[in-house]
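Undergrad:
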Amino acid sequence: MEPQTALFIVFVLFEAAGFLLTVFFYLMAASFLRPGYGRYFWMGVWLLNPASVYPEGQYYRRASLLAIALFGGGTILFVEFMGGP
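Next up, the structure:
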């Protein structure tokens, strides 16, 4: 197995785990949505507004934003590292 193939497999597993974590935090934060923000659920715009979530859900809102930034940014860096399009 070539080193790039092994690295790609590790990356795919890392991104899959990151996706599951992101979805978990997103859904947990959504369970604490205030009334009136439900119509924005699928767009994710409510994640940027701290007032959209009850205080109990702020941890999940922040964790979801962090996971999106971490795993989304990791994808961009990996594509550049592998030679990019």
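Heads up: the sequence shown begins at 770 in this note's numbering, then just goes up one per residue. Cβ atoms here follow ideal geometry from the backbone N, Cα and C, with glycine treated the same way.
Using the rule of at least 16 other Cβ atoms within 10 Å of the residue's Cβ for burial, across every protein chain shown, is Ser833 buried or exposed?
TA: Position 64 of the sequence shown holds residue 833. Looking at its Cβ environment, which holds 16 or more other Cβ atoms inside 10 Å, Ser833 is buried.
Undergrad: Check the DSSP bridge columns for Val822 and list the partner residues they point to.
TA: On the sequence shown, position 53 is the one that residue 822 refers to. Val822 pairs with Leu802.
Undergrad: In its own chain, which residues sit with a C-beta less than 8 Å from the C-beta of Leu839, not counting the 5 before and 5 after it?
TA: Taking the first residue of the sequence shown as 1, we reach residue 839 at position 70. The answer, listed in chain order, is Gly787.
Undergrad: Where does Thr791 land, buried or exposed, given buried means 16+ other C-beta within 10 angstroms?
TA: Start at 1 with the first residue of the sequence shown, and residue 791 comes out as number 22. Result: buried.
Undergrad: Comparing C-alpha positions only, which one of Ser821, Leu782 and Gly813 sits nearest to Pro804?
TA: Locating residue 804 in the sequence shown gives position 35, counting from the first residue. Comparing Cα positions, the closest option is Ser821.
Undergrad: Around the Cβ of Ala742, are there at least 16 other Cβ atoms within 10 angstroms (buried) or fewer (exposed)?
TA: Residue coverage of the chain in this structure runs from 770 to 854, which leaves residue 742 outside it and unanswerable.
Undergrad: So what's Met797 in DSSP terms, helix, strand or just coil?
TA: Here residue 797 refers to the residue found at position 28 of the sequence shown. Helix, per DSSP.
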